[in-house]
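Before any comments, here is the structure.
Rendered as structure tokens:
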């Protein structure tokens with residue numbers, strides 16, 4: 002969800018692995034320091050982690066906008082910084098979470114689905130509300146559709162870009178919390194492989210890398226497609242390197258088809 006908003010603006014955010022690693026580690030540390038259970042004061046670790054994600058997103062956006070560094074390099078560099086920072090905080094150790102209430106996000110099932118699935122659906126609905134029912138969400142589309150036109154319309158493009166990265170950082174932090182609930186541990190490797198899978202899902206879902214079209218529902222479709230293909234390759238026993246190659250080809254095909262459709266529309 003987070004990277005969708007950034008791509009809608011015509012930018013890219015590749016910092017999610019580092020952001021997830023830092024947020025996961027800090028969430029586990031805060032939760033354990035506040036009693037080890039979200040039933041007590043430990044619940045404060047959740048907004049605290051979301052705040053950390055927002056700060057990292059703001060730093061990412063400021064580097065991109067104020068220093069005029071392309072979002073690709075700015076976010077990728079910050080991702081590496083995040084991974085190093087998480088390693089510095091943990092010293093390479095794993096932080097274990099033993100709170101059964103928090104772990105119920107994975108262990109508790111309602112209607113055959115883990116509680117985490119419903120929490121993810123709630124996050125999707127929030128993202129959809131931001132996208133379609135707020136001025137900020139509509140402005141993201143405007144920037145992606147044409148930055149010069151958006152600027153001439155009176156929009157503060159720089160401020161909106163930073164806001165987009167902040168929103169992305171908050172969703173990355175939420176993803177980190179889900180990852181800790183799923184694994185029961187927090188470590189530097191918590192966000193591993195998130196970058197490629199997330200960007201692949203957004204692109205395959207139909208959100209154009211140029212920005213201005215697509216959205217969170219497209220991303221949901223992309224997530225389902227990528228995971229079905231990934232699970233299918235695991236079932237038939239394809240090697241990991243072959244699976245990565247298939248996903249890479251999938252991204253190329255999705256980008257090509259998207260560009261082709263835009264070109265045909267322009268010709269018409």
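In this note's numbering, the protein residues as written are 2 to 269.
Yeah, the Cβ is synthetic: ideal placement off N, Cα and C, and Gly gets one too.
Quick check on the DSSP output: the alpha helix (DSSP H) that includes residue i runs from which residue to which?
i: residue 312; result: No information on residue 312 is available, as it lies outside the stretch 2 to 269 that the chain covers here.
i: residue 231; result: 217-236
i: residue 139; result: 136-146
i: residue 202; result: 195-206
Just list the residues that DSSP pairs residue i with in beta bridges.
i: residue 96; result: 187
i: residue 115; result: 110
Rounded C-beta distance between residue i and residue j? I'm assuming under 8 Å.
i: residue 165; j: residue 7; result: 5 Å
i: residue 32; j: residue 98; result: 6 Å
i: residue 115; j: residue 107; result: 6 Å
i: residue 220; j: residue 10; result: In fact, because the Cβ distance is near 15 Å, the residues do not count as touching under 8 Å.
i: residue 59; j: residue 198; result: That belief does not hold up - the Cβ atoms of residue 59 and residue 198 are roughly 25 Å apart, past 8 Å.
i: residue 169; j: residue 66; result: Going by Cβ atoms, the distance from residue 169 to residue 66 rounds to 14 Å, so no, they are not a contact pair.
i: residue 217; j: residue 132; result: 6 Å
i: residue 1; j: residue 102; result: Since the first residue shown for the chain is 2 and the last is 269, residue 1 is missing from the structure and cannot be characterised.
i: residue 156; j: residue 143; result: 6 Å
i: residue 178; j: residue 73; result: With 8 Å as the limit, residue 178 and residue 73 do not qualify as a contact, their Cβ atoms being about 27 Å apart.
i: residue 117; j: residue 193; result: Wrong, their Cβ atoms sit about 19 Å apart, outside the cutoff.
Could you name the residues of the same chain whose beta carbon sits closer than 7 Å to that of residue i, not counting the 5 residues immediately before and after it, in chain order?
i: residue 51; result: 171, 174 and 175
i: residue 1; result: What the structure shows of the chain is the stretch from 2 to 269, and residue 1 is not part of that stretch, so it cannot be assessed.
i: residue 76; result: 13, 14, 15, 16 and 61
i: residue 91; result: 26, 188 and 189
i: residue 112; result: none
i: residue 163; result: 59, 62, 63 and 66
i: residue 264; result: Its pLDDT being 45, under 50, residue 264 is placed unreliably in this model, and the value from its coordinates should be taken loosely. Result list for residue 264: empty, nothing under 7 Å.
i: residue 88; result: 189
Near residue i, which residues of its chain fall below 8 Å by C-beta distance, leaving aside the five closest residues on each side in sequence?
i: residue 36; result: 42 and 43
i: residue 252; result: 200, 201, 204 and 205
i: residue 81; result: 19
i: residue 148; result: 11 and 158
Please check if any C-beta of chain B sits within less than 8 Å of the C-beta of residue i.
i: residue 85; result: The chain labelled as chain B is not found in the depicted structure, where only one protein chain is given.
Sorted by chain position, which residues of the same chain lie with C-beta nearer than 6 Å to residue i's C-beta, five sequence neighbours on each side aside?
i: residue 23; result: 83, 86 and 87
Whole runs of the alpha helix (DSSP H) within the segment 2-72, excluding any shorter than 4 residues: 3-9, 17-34 and 46-67
Pick out the complete beta strand (DSSP E) segments inside the segment 154-179, 3 residues or longer, and give them in chain order. none
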